[in-house]
Ligand SMILES: [Ca+2]
Ligand SMILES: [Ca+2]
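Laid out in structure tokens, this is it:
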């Protein structure tokens, strides 16, 4: 009985904290899982979202050359590759269209718009 009361109160505290976080307002505008890099087919983080925790040298056709907004929600830390470089051709070819620092969100970028085909996590830009 003690154990179940403890679990119940722990759950209640967690829910209160979660509600508080939600009410505190967004740290960023983009809905992108922690630890991942996200790209959307339209500006302002709309349309279908692609998200990756690792590198991808060949984006799926529906997002390749369709990316219009981006968010880097990678985890930062010593020795961790927390920047994301996006390239205009598959296999990190072509040119770098965009480089996002950890936590950076880009809701629109005319030069990079609809041009990404691959990306890699990097130590810096
Ligand atoms: Ca697009
Ligand atoms: Ca391209």
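Numbering (the numbering used here), first residue to last: 460 to 584.
Note that the Cβ used here is the ideal one computed from N, Cα and C, for glycine as well.
Judged by DSSP secondary structure, residue 500 falls within the beta strand (DSSP E) whose first and last residues are 496-501. Short note on residue 500: C-beta closer than 7 Å to some heavy atom of ligand 1. Distances from the CA of residue 580 to each of 522, 512, 517 were compared; the closest alpha carbon is that of 512. Residues of the same chain with a CB within less than 7 Å of the CB of residue 551, apart from the 5 flanking positions on each side, are 516, 577, 579 in chain order. Distance between residue 564 and residue 553, taken at the CA atoms: about 23 Å. With a cut-off of 7 Å, the C-beta of residue 527 is classified as near ligand 1, since at least one heavy atom of the ligand falls inside that distance.
Judged by DSSP secondary structure, residue 580 falls within the beta strand (DSSP E) whose first and last residues are 577-581. The criterion of a C-beta distance shorter than 8 Å is satisfied by residue 566 and residue 502. If you compare the alpha carbons of 498, 491, 493 with that of residue 558, the shortest gap goes to 498.
By the CB criterion at 8 Å, residue 530 and residue 575 fall outside the cutoff. Excluding residues up to 5 positions away in sequence, 527 lie with their Cβ nearer than 7 Å to the Cβ of residue 572 in the same chain.
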